[in-house]
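Chains as they are written, first to last, in UniProt numbering: chain A, 1 to 424; chain B, 1 to 424; chain C, 1 to 424; chain D, 1 to 424.
In this text, a Cβ means the ideal position worked out from N, Cα and C, and glycines have one as well.
Since the model is a prediction, treat every value here as computed from it, not as a measurement.
Here is the structure we will look at.
Protein chains: 4
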Amino acid sequence: MNKTDMKVFEKHESEVRSYCRSFPTVFNEAKGSKMWDEDGNEYLDFFSGAGALNYGHNDPKMKEALIDYITNDGITHSLDKATTAKGQFIEQFNEVILKPRGFDYKIMFPGPTGTNTVESALKLARKVTGRTDVISFTNGFHGMTIGSLSVTGNAAKRRGAGVPLNHSVTMPYDRFMDSADTLDYLERFLENGGSGVDLPAAMIVETVQGEGGINVASKEWLQRLESICKRWDILLIIDDVQAGVGRTGSFFSFEEAGITPDIVCMSKSLSGYGVPFAITLLRPDLDIWAPGEHNGTFRGNNHAFITATAALDYWKDDKLEKSVKHKAEITHEYLQKIVENYSELKGEVRGRGLMVGIACGEKELAEKVAEKAFELGLIMETAGPDDEVFKLFPAITIEEADLKKGLEIIEESVKSVVKEPVLS
Amino acid sequence: MNKTDMKVFEKHESEVRSYCRSFPTVFNEAKGSKMWDEDGNEYLDFFSGAGALNYGHNDPKMKEALIDYITNDGITHSLDKATTAKGQFIEQFNEVILKPRGFDYKIMFPGPTGTNTVESALKLARKVTGRTDVISFTNGFHGMTIGSLSVTGNAAKRRGAGVPLNHSVTMPYDRFMDSADTLDYLERFLENGGSGVDLPAAMIVETVQGEGGINVASKEWLQRLESICKRWDILLIIDDVQAGVGRTGSFFSFEEAGITPDIVCMSKSLSGYGVPFAITLLRPDLDIWAPGEHNGTFRGNNHAFITATAALDYWKDDKLEKSVKHKAEITHEYLQKIVENYSELKGEVRGRGLMVGIACGEKELAEKVAEKAFELGLIMETAGPDDEVFKLFPAITIEEADLKKGLEIIEESVKSVVKEPVLS
Amino acid sequence: MNKTDMKVFEKHESEVRSYCRSFPTVFNEAKGSKMWDEDGNEYLDFFSGAGALNYGHNDPKMKEALIDYITNDGITHSLDKATTAKGQFIEQFNEVILKPRGFDYKIMFPGPTGTNTVESALKLARKVTGRTDVISFTNGFHGMTIGSLSVTGNAAKRRGAGVPLNHSVTMPYDRFMDSADTLDYLERFLENGGSGVDLPAAMIVETVQGEGGINVASKEWLQRLESICKRWDILLIIDDVQAGVGRTGSFFSFEEAGITPDIVCMSKSLSGYGVPFAITLLRPDLDIWAPGEHNGTFRGNNHAFITATAALDYWKDDKLEKSVKHKAEITHEYLQKIVENYSELKGEVRGRGLMVGIACGEKELAEKVAEKAFELGLIMETAGPDDEVFKLFPAITIEEADLKKGLEIIEESVKSVVKEPVLS
Amino acid sequence: MNKTDMKVFEKHESEVRSYCRSFPTVFNEAKGSKMWDEDGNEYLDFFSGAGALNYGHNDPKMKEALIDYITNDGITHSLDKATTAKGQFIEQFNEVILKPRGFDYKIMFPGPTGTNTVESALKLARKVTGRTDVISFTNGFHGMTIGSLSVTGNAAKRRGAGVPLNHSVTMPYDRFMDSADTLDYLERFLENGGSGVDLPAAMIVETVQGEGGINVASKEWLQRLESICKRWDILLIIDDVQAGVGRTGSFFSFEEAGITPDIVCMSKSLSGYGVPFAITLLRPDLDIWAPGEHNGTFRGNNHAFITATAALDYWKDDKLEKSVKHKAEITHEYLQKIVENYSELKGEVRGRGLMVGIACGEKELAEKVAEKAFELGLIMETAGPDDEVFKLFPAITIEEADLKKGLEIIEESVKSVVKEPVLS
């Protein structure tokens, strides 16, 4: 194989590209938690495709199922026609995930990406309630198409819209204010008839905010949010695109809080293998769509049905769940130790399950730690409004040894960064 | 294999599903222009995934390349990191498509679906010009997320938005009016300072409207549109999601008109294999994106890079192009004959290349023809604001014999339908 | 009296001021069709407060009634409390105007300006129909607050909004295109389900556009517009703020066309005396307002009730109406002669009744004619998207001798302007 | 004089009428703080035209000046031409109001009503900053046209818009929350880059909210608000339409806080006599309007110039100011006593200067007190999101004896209401 010249990207790919700037090498192979570039360098992946590779790269069982399917000329593309692969996915999802948890959601295939599921959820909530506004939360991230961007908090991303983003109201996420319970504010706005906040169709919220800086909503906050929604007849949409599929330990990230959202958005790791896939789960009585009222060319990605069905085998017992909890404990303890040992970071450990990070009081240090880690062979990104959080997203199936190795690299990176004289 | 019960879809899948209602059987295998259901029934596919399967199902060369890639644990999911597969696609696209046609577009990976590329194009046009409005055209279809839906004409789809769709102005497409040149209207609105139409950032147009009813813009109309855009410094966006990738004969649908759009949106058949993939092509001087200003989890779908690179081999010479033209002639002639022989249809042949259809003056007949054709083993859908057009989208690689067989089925369906006593 | 220094305006008044730039002198007295400045210079007023002084300045009967009322400490300001003056106005308006014309409108007092009545009409139309969009017409002018500006065509005024103006669609006014009937265009958009034009709540239209350049909608066009509205169950709003109160000959400008709008907006000359006043007339079954749902501090301007009641005495017989028709004929003939005699103008006579003007093919000449006329003692403004029309708005009560004198000044101004060498 | 039949209003006036329902009699004469109906009944006016009659009804000096002006055929209507009356107003306003307070605002005449000045302020702020959003506050009231309604809090009024109200964000007013400083909340949203609140063009605020329920912003809160605006380069707009012109004691309501707004909106009592009039005051460097970019037919209401100029004589010394303070003390003490003596009200005294009221914990009592007071000959309205506040707006020129008489009537009304058995 000839080596790929990095210049091909600089010359022909749009300036909008970003991760290839943070991780400037040409990757060509991957397995589990490891990636290799064209020079044969090995990297530990603590990024996991921003949450799209919770099961690691190229899981052997999914790989086998996928190769079989392709070899036998299974249907690849089917829009929303009925196919064997789709039928199997629906049944497996119902049997393995919904039924045991007492849920009876209808499944919608809204197109294969996170923003497709969010747009479909917002549309449906507005159609069902006849209201236009949606409440979203500070530092929420829901996607880059205009509907999803309207409920996304990040100022730089919002500016990219080129049009004013309307029909949404941002309320403070849990712990956005030190001085007050943020739901007191929200409730006051709802109950005061002069508050300027019109009764919304829905609230959309992540239980843990990934892009927003690994902010965790407490169980109590989520429970009270659910009860506020019920009281005011507002639909509760959980965007579980990033926090779902085991990232926080359980399949849905909201299981711990014991709440039942009206609509759930899922994508990223749902296919298991990293191929595009998304679903929207709906309370059955909300399913008032007209046929084709929302559609999309790639809503029937059968390769994804195949790998997703295989991936759900991980959830037939509680082994994975337990192992995530165990690895999460190791991780939190390790990070806590780092924060204590390297006080120059002014660090704060954040997160739940294997969706964790350290928010750096010295904001620019987060990027430096991630850069150093990459030099040392670990892939990790930053998050938060000022990129002040470095974010650990190891595969939830990672070997304990790899996890520890990764944590050590991170510690070494921190050590190196806090000792560097800061120039600028 | 156990047979799939259709009830699984009725019970668990959202009411929004549509094609599984028109084609009520469970498909499980496909090859070239053929599909088979679980009962072993064979169908000729004149639908081609609404234009996502221009090369037919499971093309052997692409299949081989994809299986090789998966077998060797090639990177599957990479966001916008640099990968070998992506580098190869970029180079192949540049060498085989752009260079020979004298284009020097930058390539943007906006997420893997048609609506992703349209949303990215609209954002960029607004950012570049600092203007908010976009002109779109009657019966245009550009996608289902709020940004794309705002420039989509269909009333039923628009109502699904649940919010007013703004920042867009609809102008009449070529031949929307019998009595006037529609660009006279457009130009009058632009040049009159009291027209209420604010100077737009861009115009977005399909050269042939698929969903809108197989409406063809003439060469002259497109050329004049380009010159109007130049005169007023408005960006011209061609949405080539459905009409592109050979559907009309040439790779880009606008080659015949000899125009050079500022931005081109591509998706559907671009991956060749029916897996989700989209790109946005930009005039290099428009590429003022900040890194990450638009992003998306599945913008680096490496399976699609692999199959798309293989698919582009079809364009290394003019064989495919010539064969499409030949098959298009056969098709147009055949349809013309149908229209003449079955005057009860009040039919009008529409289309360009292998993007063709018959608009039925007796509107409800179109659906009936498609239903009958399905009974006779041919898959075909309807389009147009009242579903009054039955639409032929055979694979552009279809064998001539299969094409003729399909046309015969269509004729038989028409014959059967026009002879039925109409009950209602 | 000390003379007023023009510098006081330059120093303290906002740059937004405009007419004091076109007519740079300090006015202090007025009577009928005459105005005098502080130096005692006399001017013939062919501007009439942009249509707010149809009965001329300081009409003696209205003046007497107003002084009596003030002297006797009649209520001045009453919001929407019941007052004697308001009761009398309502009865007089009903007896003199509505009943004889067979109308049974309810009267709403929406605040005292044109934009108040337009905003109230748009709100009500949206409330009644549950739809958001409103169709307006090219070169329509309806006011400067955001609701009214959204249905106003002028690009410069629209830019002043500072926010995108939405929920409106502009359709071509009568004769906006030379080559086609503009209502064919409108109807095509309504009947085609893929036109991107959502069914609107209302259409808002002026029968003669003042600000837009003295564009006259024909009787037939208005009648067809009414029937289109009926067919599609769209409310027809006539904005008679400028063309109403006798300006075109009849009290309402739409009487000639024999149509019955669902809502009528009136202001400007309604008070007769030039004091702020507006009403909205509603078909009784549309009057579904909740009490106070629209309000405004000055909706009960009793001085206006008094003068408006006196002004309506003019409409108790047909003398005024006949005299306007007579003077209109004189005016149209005279202007026609000017156009013929001074072909350098490339002039076109426009208008109906005493709402007339000459559109200059050499656009910049219109301003020059108006400037010259001011030098010669005549006040007249320009209109149209490029200020290409000079506009004659004499009082409808003007003495014939004054009318002729004014026309002579205009001819002299034209003569002088077309003979000047054009420098620029 | 024949008596007016109340039925004329019921039959011919729109259902939107409101105050004629609360005060069901036909008024016909007024002087100072007294009004008389057609039956000769006398009423003490503690309503003052919702703040438009701060100097009482038909002030003799203004009356004399107005009659003189009308008698002498002074210009009545002038759009924005220069007139003697306008020049005198501008000079008087500058000499008596602006200069002594150290302000150098430019004066804009935006049309004669409160909503006109607010719309002009919002437009200018957006034009100057190039930003679209405006921050307003809970329970703020700014007018009924779409621009002003977008920054108004009241849910019922907002629903009347018929379109979504956008480009605004509502923040909590001072003391909206018991438990927290509301500006902490506001500032947190501004400083956090993921808050979803885009940097606004302006904040618009009333120092005391009238319609919102007599909510008073503290000096410290206003000062901090000003410093937040400065820090973030956001324009501060004070809407002094209701609280200005002496209502709180000083001419501008914000003098006590010592702040200097960038833009000030004034109307209501500015003309002194209750005739329609409004101005917008602008920091001179913000005055980047193009001529005529905002306009309005009644922006030059010369009757208002005359009475407003006479009214400003009250501000040539501090007599009025001192007397308002004295009367305010009497009022606050009296109300405090009522609250203490009639604990059934669960009352809370609110207000500043002569803009005062009692918020009733038993919300429905406020309306009952106002009804009873009307029976006893006192006119007073209610305010607040649930009409839970009865609101005292006596003329600021009221005789002390009349003030006391009014307070006694209120006490008697309260006494009567709290003793009534509540039926419903």
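First and last residue of the beta strand (DSSP E) that includes Val96 of chain B? Val96 of chain B -> no beta strand (DSSP E), and no H or E assigned at all.
Based on DSSP bridge pairs, tell me the residues matched to Gln209 of chain C. C:Asn215
Nearest CA to the CA of Val16 of chain C: which residue from D:Phe89, D:Phe137 and D:Lys123? D:Lys123
According to DSSP, simplified to helix, strand and coil, what is Asn302 of chain D? helix
Assigned secondary structure, Arg350 of chain A (DSSP; H/G/I helix, E/B strand, else coil): strand
Proximity winner among B:Cys265, B:Arg352, B:Pro276 and B:Leu378, relative to Met108 of chain B (alpha-carbon distances): With distances taken between Cα atoms, Met108 of chain B lies closest to B:Cys265.
Taking just the CA atoms, how far does Glu119 of chain C sit from Asp233 of chain C? 20 Å
Grouping DSSP H, G and I as helix and E and B as strand, with all else coil, what is Met263 of chain D? Looking at the sequence shown, residue 263 of chain D is not Met but Ile. Residue state, collapsed to three classes: strand.
Could you have a look at Asp198 of chain C and say whether DSSP puts it in helix, strand or coil? coil
Beta-carbon separation of Ile358 of chain B and Ile338 of chain B under 8 Å? It is a contact, given that the beta carbons lie within the stated cut-off.
For the segment 43-75 of chain D, list the alpha helix (DSSP H) runs that are entirely contained and at least 4 residues long, ordered along the chain. 48-51 and 60-71
Around the C-beta of Ala401 of chain B, are 16 or more other C-beta atoms found within 10 angstroms, so that it is buried, or is it exposed? Looking at its Cβ environment, which holds fewer than 16 other Cβ atoms inside 10 Å, Ala401 of chain B is exposed.
Would you mind telling me which residues of chain A sit closer than 9 Å to Glu375 of chain B, beta carbon to beta carbon, in chain order? Within 9 Å of the CB of Glu375 of chain B, no CB atom of chain A is found; the nearest one sits about 16 Å away.
DSSP-derived helix/strand/coil call for Thr170 of chain B: strand
How many Å lie between Tyr69 of chain D and Thr113 of chain D at the Cα? 22 Å
Proximal chain D residues relative to Asn72 of chain A, where beta-carbon distance stays under 8 Å: Here the premise fails: no neighbours, minimum Cβ distance about 47 Å.
Between Ala82 of chain D and chain C, is there a C-beta pair that is closer than 8 Å? yes
Along chain A, which residues have their Cβ under 9 Å away from the Cβ of Phe23 of chain B? Lys81 and Ala82
Under 7 Å (Cβ pairs) to chain A, residues found in the segment 37-57 of chain D: none
I need the boundaries of the alpha helix (DSSP H) containing Ile330 of chain B, first residue and last residue. Lys319 to Asn341
Taking C-beta pairs closer than 8 Å, name the residues in chain C that Ile90 of chain D reaches, listed in chain order. Val8, Phe9, His12 and Glu13
Pick helix, strand or coil for Ile396 of chain A, following the three-state DSSP scheme. coil
Nearest-angstrom beta carbon gap, Leu378 of chain B and Ile410 of chain B [assumed within contact, 8 Å]: 7 Å
Based on the DSSP secondary-structure assignment, which residues constitute the bridge partners of Ser136 of chain D? D:Thr170
Is Ala359 of chain D near the ligand ATP, going by C-beta to nearest heavy atom under 7 Å? The ligand ATP is not among the ligands present in this structure, which contains no ligands whatsoever.
Host beta strand (DSSP E) of Asn116 of chain C (start-end): No beta strand (DSSP E) holds Asn116 of chain C; the alpha helix (DSSP H) holding it covers Gly114 to Thr129.
Just checking, does the segment 233-248 of chain D make contact with the segment 45-54 of chain C on the three C-beta pairs under 8 Å criterion? no
Between Thr138 of chain D and the rest of its own chain, which residues show a CB-CB distance below 8 Å, the 5 nearest in sequence each way excluded? Gly153, Thr170, Met171, Pro172, Tyr173, Phe176 and Gly212
Comparing the C-beta of Met203 of chain B with each C-beta of chain A, is any distance below 8 Å? no
I'd like to confirm the pairing. Which residues does DSSP put opposite Gly357 of chain D in its beta bridges? D:Arg350 and D:Lys391
Should Asp287 of chain C be flagged as near chain D, meaning a C-beta pair shorter than 8 Å? For Asp287 of chain C, the closest Cβ of chain D is nearer than 8 Å.
Cβ distance (whole Å) where Ile75 of chain D is taken to contact Asn28 of chain C below 8 Å: 6 Å
Pick from C:Leu407, C:Ala311 and C:Phe393 that is closest to Lys61 of chain C, judged by C-alpha positions: C:Ala311
For a contact meaning CB atoms closer than 8 Å, what does Tyr251 of chain D contact in chain C? Inspection of the sequence shows that residue 251 of chain D is occupied by Phe rather than by Tyr. Within 8 Å Cβ-Cβ: nothing; Phe251 of chain D doesn't reach chain C, min ~17 Å.
Just to confirm, are Val197 of chain D and Leu225 of chain D a CB contact at a threshold of 8 Å? no
Pull up the distance between the alpha-carbon of Ile97 of chain C and that of Gln88 of chain D, whole angstroms please. 39 Å
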